Amino acid sequence: IASNFFGPQKNTNVRVSLPAVCFVWQIAMIVLFGVFVRYDKESDAHWVELKKTENLTDLDNEFYFRYPSFQDVHVMIFVGFGFLMTFLKRYSFSAVGFNFLIAAFGLQWALLMQGWFHHFDYSTGKIYIGIESMINADFCCAGSLIAYGAILGKVSPVQLMVVTLFGVTLFAVEEFIILDLFHCRDAGGAMVIHCFGGYYGLAISWVLYRPNLHRSKRLNGSVYQSDLFAMIGTLFLWMFWPSFNSAIANHGEGQHRTAMNTYIALASSVLTTVAISSMSKKGGKLDMVHIQNATLAGGVAMGTAAELMITPYGSLIVGFCIGIISTFGYLYITPFLEERFKLQDTCGIHNLHAVPGMLGGFTGAIVAATASESVYSKEGLIATFDFTGKFENRSPGTQGGFQAAGVCVAMAFGLVGGAIVGFILKFPIWGDAADDNCFDDEAYWELPEEEETIPPVLEYNNHMTQQKHRETPETSFSVVES
Amino acid sequence: IASNFFGPQKNTNVRVSLPAVCFVWQIAMIVLFGVFVRYDKESDAHWVELKKTENLTDLDNEFYFRYPSFQDVHVMIFVGFGFLMTFLKRYSFSAVGFNFLIAAFGLQWALLMQGWFHHFDYSTGKIYIGIESMINADFCCAGSLIAYGAILGKVSPVQLMVVTLFGVTLFAVEEFIILDLFHCRDAGGAMVIHCFGGYYGLAISWVLYRPNLHRSKRLNGSVYQSDLFAMIGTLFLWMFWPSFNSAIANHGEGQHRTAMNTYIALASSVLTTVAISSMSKKGGKLDMVHIQNATLAGGVAMGTAAELMITPYGSLIVGFCIGIISTFGYLYITPFLEERFKLQDTCGIHNLHAVPGMLGGFTGAIVAATASESVYSKEGLIATFDFTGKFENRSPGTQGGFQAAGVCVAMAFGLVGGAIVGFILKFPIWGDAADDNCFDDEAYWELPEEEETIPPVLEYNNHMTQQKHRETPETSFSVVES
Amino acid sequence: IASNFFGPQKNTNVRVSLPAVCFVWQIAMIVLFGVFVRYDKESDAHWVELKKTENLTDLDNEFYFRYPSFQDVHVMIFVGFGFLMTFLKRYSFSAVGFNFLIAAFGLQWALLMQGWFHHFDYSTGKIYIGIESMINADFCCAGSLIAYGAILGKVSPVQLMVVTLFGVTLFAVEEFIILDLFHCRDAGGAMVIHCFGGYYGLAISWVLYRPNLHRSKRLNGSVYQSDLFAMIGTLFLWMFWPSFNSAIANHGEGQHRTAMNTYIALASSVLTTVAISSMSKKGGKLDMVHIQNATLAGGVAMGTAAELMITPYGSLIVGFCIGIISTFGYLYITPFLEERFKLQDTCGIHNLHAVPGMLGGFTGAIVAATASESVYSKEGLIATFDFTGKFENRSPGTQGGFQAAGVCVAMAFGLVGGAIVGFILKFPIWGDAADDNCFDDEAYWELPEEEETIPPVLEYNNHMTQQKHRETPETSFSVVES
C-alpha cells in the first residue's frame, strides 16, 4: 500500500454507513412526503374543474411560465455543477457522481423544508407543491453543491450527505428570514444561494483543515482531458445563468429583464477574466482555472440586481468589475487564504460564489435604494419590489437597507452554520480519506482496470509490457493496490 | 491480423450494403412523404386565416405547449441514448454514431407509420403532421435505440437499420392496439416504449447469441474517460425525463403533474441505487454501471403512472423500489441470464428498460384501477383518462384491466417481433463482426492514428520510441492492422 | 525549443495585446451601451402599466414566444460551435476557449451594430433591446464563429478579436441590405449567417495562406477522445437547429413549420452523409469528419426555405442533396482548394457553411418565387413574406429575384470583407504562431503538466520512469519546452 510510507491509512470503507444513510433518509422522505406533501391546485386533477369555474385557459397554468427555465436550472445543477468539478485528474467520478447523489437527496429535503416555511397550509396541515417548488428545491440544493466545491476531494459521500442535510435546512431558514421577514428581492439568489453557500463551504473547509494535504499534491491538479470535461460544466452554467436568475422572477417584463441583464453581465465578465488571466502569466498564456470559473462570476454578481432596472450598461459594469475581482481572487486570494488562514478551497468558491455573491447582494441593495417611480413607473415599482400588504409603505431606501442586512444574514448563516457542521464532520466515523489519499476516486469507486488490451499478436512480449506499465501514469492507480 | 489466431475473420465490409440501404430507404422516404405527408393545420400557412375565423391567438398554436418538451426529448434521443452507450473503451464512435444514424432514419419512418395509424385523413388520403408528430416520432425511435443497447458491439450498422425498420413498424402497431383499441394511458411510454423496446432488444440478442464472445472480452469494458462520457448521456436522460413523460400529456395540470411526479421518482431512485451499489462491493465502493443506468429506472417506471394522481409520496415509493430492483438486476440478473439463458445484454437493458417498463405498466394499471372521482374530480377523471366517445362509460377498474393487458401486448410484440428480426439478422450477409472483433470501432470507422507526435528534438530516439509504443495500450489498435 | 530546427520561432506573446484589446473594447462597450442602449418596452418596468393600458396579459410578452428558442441558440453558439472545433488533438482549449471569448465580445458589439441598423429610435437617440435582440446578437456572432473554423489553429486570440469586430460590423451591414432594403426572408440565416460567414472565413484564410503549414502536420488531426468531444458539438448543433431556424420566424404557424421542416431535412442529410462516407473508404468505413460536419448541412441549407411552404418532402429532398454535396466537398473539394487555390480550411467550412448556405439561399429564392395564394392562402402569403407597407404589391416572382440577389450580396460581403480583414491580419504584430507551431494550445494556454503521478512505492525507479516518459506521446508536449 502506497500510504504505508506515511503511516496507517484512514478507513474509507462506507459499505455500512453510505447505504444506511441513503436508506434511512430516503424512507424518512417517503414518510414525511406521505404526511405532508400534496399537489398544488395547478398540478392537481381538480384543476380541470377550477379552470372552468375561474374562467382560465390551459396557458394560465404556471407550468408554461416556468417549465423551460426549470429545465435549464436542472441542467445547471446536475451537468453544470457536476462537470465543473471534474477538472481534477482522478476525481471526476466523485465530482459528477456525488454531485448527482447529494442533489437528488437535497431536492427532496428542500421540497419539505421550503414547503414548511413557504407553502404550508395551516388549515389542512399540508404542503402544496408545483413547478415553482421544483425550481426552488433545485436552488436550495445549489447552496450545498457550492459548499462541495470547497471540500472537493477531501470528504466522503457520507459527509456530503450530512453537509447537504444541514445545508438545505440552514438555507430554508435564512431564506425565510431574508425573503419573508426582511422582504428582500433576490431572484437569482446572490445572497441566499451564492453568498450563503460560499461561506458555508469555506467555514466547513476551514474547520476540516488538513495540514498534510500536500501529500495528495500529485492528484490535486488537472490533465488535458479533465479540463475539457470541466468546460462542459462551465459552458452549461454560463449559458443557462440567465434562466437561473429569471426562473422565479415576476412574470412578463420581470423574467424578460432579468434574463437580459444576466446575459449582458456574463458577456462582460468573460473579457475581463481573459484580460487578467493573460496579464498574469508569462507570455500572456491563459489559465484554464480562470476561464472555467471567473467567467461565471458575472452571473453570480447579478443574482439580486438582474431583476431590477440596473440598465444594460450597469450590467456590463458589474460584469466588468467582477471578472477582474474573481480572477484576482484565483491568482492571489486563494493562495493567501490557504497559507495564512489555513483555508483549503479546492475549487476556489471564495472567488466564484462567496465574494461575488456578497458583492452581488450589496449591488442589489444599492440599485434597490436608488429605485424611483420615474424609472420604474408607479405600478412597476410596486410590482418589482412587491410593496403590497404590510410592506405597502416601504420606501426604496428602506428596501435597500433591508437588502444589505440580508447579505449579512446570509454570510452569518454560512459562517456559523458551516463551522458547526465542520465540527460534526470531524468525528472519525465518516469514512473520509487520509491526507495522502485525497482527490482520488479509488477510495469510493470501482475504477475500470487500465489493463493491457494487447491483441494476441503481441503476446510474445507480454511480460515486458506489464513490467513497463507499472511505470506509466495511467496505471499507477491500480499499482497502488498491489 | 489479430484474428488469424482464431480462424478466418468475418467480413465487416459494408461498402456496398450500407450506402445501398441508406440511399434506397431515404429515396423511399422521399417518395412516401411526397405521396402522403402534409403540414397539419397549425403548421400550414393557412393557419393565418384560420386564426381569424376561429378567433384564436398565436399562443393557441400547439407549438407553444409542446416545443420546449420536444427539444428536451430530442436531446435525450441523440445525446442521452448516444452518450450513455459510449461507456465501452473502444466503441464510442459506433455508440454515438450509429445511434445518430438509426434515430435519423427511424424518425422519418415513424412519421409515416404513426401517421398512417393515427393521423390519416381518409377523405384526402394524406397524413398531417405537426409538433406532436415530431415528439411521437422521437418516442418511436426510442424503442429501437433501447434495443440497440442489448446488441451494442455485436452488430453492423446495416443490421441496426433493419432492427430500426422493423422496430418502428412493430412499435406503431402495438401502440395502435394499446393506445387506440385498448384506450390505455401511457404518456411516458412505460409500456409502448420501454417494455416493448426492452424485450425487443433482448429477443434479438438471444437469437444472435455468440458462444465465443469472450474472445472480445478485452474490449467489453470501460476506461476512465469513457465512463465520464457515458455520464453525459446519463445526466441528460435523467434531467430531461420529466419532459419525456410529460411531452404529450394533457395540457395544463396534466403536463404539470407528470413532470413533477417523474422529477420526484427519479430523485428517489438515485439514493437506492447508490445504497445497493455500495452494499454490493468490497469497501462500499460504487460501481459506475449502476450509477449510469439504475438511477434512470425511476423515470422508466413512472412512464405510465406519472400522468395519474399517484401522489408525490407514491412517486417516491416507485423510485425507491425500482432503484433497488434495477441495481439488483445489474448485479445478479444480467450475469444469470447470460450464463443460464445465453442472453448477452451489453448495456443491461433488461434492468433499465424491460423490467422497469413492465413494472411501470402494471403500476399504472393499479393506479388507474384505484382512481376515483373524489381524488380526480368528476371532470378531472374524464379528462385524465379521456372517458369520452365510446369510452364514456368505462370505469376506472375496467381501465386498469386494459392497462394491464396493454403491458402484455407490449411484451408479446417485443418478444415475438424481436425473435423474428433476430432470425432475419442471422443471414451471413449483414457485415457483422467476428466474435473476436466485437466491441471494436475499428470494424466500421476510420480511426485516427495514434501516431507518435514526437517533435524533431526527440527524433534521435525514434526507433526506440516505436519499439516501446507497440507495448502501450493506447497504440495497440493501430498495431493490429500492421 | 523544437522550432529551432526550422529557424526562429514567431513571437506568440500576447501578454500586452490581448489584455489591451479586451479592456479597451469592453470599456468601449460600456460607454456605448451607456449612451445608446435601453430596455425595450417589454423588458422595462413600465410594462406593468402598459399591460393595463393596452389590455395585455403576461403571456403576450415576447419573452414567452422566444426564450426557449433563444436558449437553444445560445447552446449552439457556445457548446455547439465550441465543441465542434475540439476535434484537433491538442487545440481543444483554444477551440472552446477562444470561441467563448469571441462570442462573448461579439454579442455585445452585435447588440450595438444591429441596434443602430434595426432598433434605433431617432426621436430619443436610443437603441431598445429585448429578447429578439439577444437572439439576433447570437446569430450575428455565428458569422464570425464560422469564419474561425477556416483559420482554426493558425491565428492568435487577438486576431480572432479583430475577425469578430469586423465580422459583426460587416454582418450588420449586409443583413440590413438583404433583410431591410431587399426585404428578403431569411429566418435561419442561410444567406446572412452561413453564406456570409463561410466566404468571410475562406477569404481570410486564403490571404493568410501558410506555405509551410505541413510543419505542424503532426498536430493537424484528431485523436479518439477529441473526436468524441467534437461529437458533443455536432449533436447539440444538430438537435437545436430547428430552434435556430425558427427562433425569429413568425409567431404561430411560422415557427411551427420552420422547426418541422428543419427537423426533417436534418434527418435526411444524416443518411446521405453516411452513405457517401461509407462508399468513399476501403471496407466501407465511416469517416468521423463527415459525420461531425456534413450531417449538419441539412440545417444550413434550410436556413431560408424552412420558413416557407417547401413541403415535408421538399425538405427531405434538400437534406438528401446537401448531405451528398457536403460530404463530396470534404472528400474532394477541400483538398482540391488547398492544392490548387492555396486555401487552407481547417474545419472545411466551405462544405458545411459556404456552399450549403449559398445553395440554401438559392433554394429559398426558388421556393419564394413559386409561392402562390392557393398554397399559402391570401393572408398567409402576406404574413409569410411580409408583403405590407411599401412592399404591398410585390409578387412572389419579384421576391424570388430579390432573394437570389441577397445571396450574391452575402457572398460579396464575405469575400471582399474577408480579403480586407485578411490583409489587416498579415501585419506581424498580432502574435500568431509560426508554421511549425500551429494547432498547438501550448502557444496560448498554460497546459496542465502531464507529470508522473507515481506513488511513493515506485519512487525507486523514478529516474527510469522519467526517461521513458519522454518517449510517450502523452508527454511529448511538455518535453518540447524543456
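Protein chains in written order, with our numbering: chain G, 1 to 482; chain P, 483 to 964; chain Y, 965 to 1446.
Beta carbons: idealized from backbone N, C-alpha and C, even for Gly.
In this text the structure is predicted, and so the values were computed from the model without any measurement.
In the structure shown, L1250 of chain Y falls within a strand segment according to DSSP collapsed to helix, strand and coil.
Judged by beta-carbon spacing, Y814 of chain P lies beyond the 8 Å limit of N775 of chain P, meaning their Cβ atoms are not closer than that value. DSSP, read as helix, strand or coil, puts I1041 of chain Y in helix. Residues of the stretch 532 to 566 of chain P with a C-beta less than 9 Å from any C-beta of chain Y: L532, K533, K534, L538, T539, D540, L541, D542, N543, E544, F545, Y546, Y549, P550, F552, Q553, H556, V557, I559, F560, V561, G564 and F565, listed in chain order. Contact annotation, E789 of chain P with A669 of chain P: C-beta distance approximately 4 Å; criterion of less than 8 Å satisfied.
Proximity of Q1078 of chain Y to chain G, defined by a Cβ-Cβ separation below 8 Å, is not satisfied. The shortest CA-to-CA distance from G896 of chain P to any of P:W591, P:I633 and P:L652 is the one to P:L652.
Counting only residues of its own chain and dropping the five nearest sequence neighbours on each side, E855 of chain P has a CB closer than 7 Å to the CB of L863. In this model, H118 of chain G and G1131 of chain Y are separated by some 50 Å (Cα to Cα). With fewer than 16 other CB atoms across the displayed protein chains lying within 10 angstroms of its CB, R822 of chain P is exposed. Near chain Y, meaning a CB-to-CB distance below 8 Å, the residues of the stretch 316 to 329 of chain G are L316, I317 and F320.
Assignment of S859 of chain P by DSSP, reduced to helix, strand and coil, places it in the coil class. DSSP places E820 of chain P within a helical segment (H, G or I) once states are collapsed to three. Residue contact check for G283 of chain G against chain Y: a CB pair falls below 8 Å. Assigned with DSSP and collapsed to three states, I1393 of chain Y falls in coil, not helix or strand. In the three-state DSSP reduction, R1002 of chain Y falls in the strand class (E or B). Contact check for S133 of chain G against I102 of chain G fails: the beta carbons are separated by 8 Å or more. If you check the CB distance, T716 of chain P and L566 of chain P come in under 8 Å. Residue contact check for R692 of chain P against chain G: no CB pair falls below 8 Å. Counting only residues of its own chain and dropping the five nearest sequence neighbours on each side, S280 of chain G has a CB closer than 7 Å to the CB of L331.
Note on the stretch 165 to 219 of chain G: whole alpha helix (DSSP H) runs with a minimum of 4 residues are 196 to 207, in chain order. Distance between L684 of chain P and A729 of chain P, taken at the CA atoms: about 27 Å. At a cut-off of 8 Å between C-beta atoms, T1198 of chain Y does not count as an interface residue with respect to chain G. Nearest in C-alpha terms to S499 of chain P, of all of P:R700, P:S638 and P:A672, is P:S638.
Inter-segment contact for the stretch 1395 to 1415 of chain Y and the stretch 1048 to 1058 of chain Y is present: three or more beta-carbon pairs are separated by less than 8 Å. For I129 of chain G, the enclosing beta strand (DSSP E) begins and ends at K126 to I129. In this structure, the alpha-carbon of T1128 of chain Y lies about 28 Å from that of T1327 of chain Y. For the C-beta of Q1189 of chain Y, the chain P residues within less than 7 Å are, from N- to C-terminus, Q707. Here S222 of chain G carries a strand assignment [DSSP, helix/strand/coil]. Under DSSP, D121 of chain G forms a beta bridge with G:K126.
In terms of Cβ geometry, E49 of chain G and F63 of chain G do not form a close pair [threshold 8 Å].
A Cβ-Cβ separation of about 6 Å places L753 of chain P in contact with A104 of chain G under the 8 Å criterion. At a cut-off of 8 Å, the C-beta of R739 of chain P has a neighbouring C-beta in chain G. By a beta-carbon distance limit of 8 Å, M1040 of chain Y contacts L1201 of chain Y. Their separation comes to about 5 Å. By the criterion of at least three beta-carbon pairs nearer than 8 Å, the stretch 782 to 800 of chain P is in contact with the stretch 673 to 688 of chain P. Rounded to whole angstroms, the Cβ separation of L1071 of chain Y and A267 of chain G is 6 Å, and the two are in contact under 8 Å.
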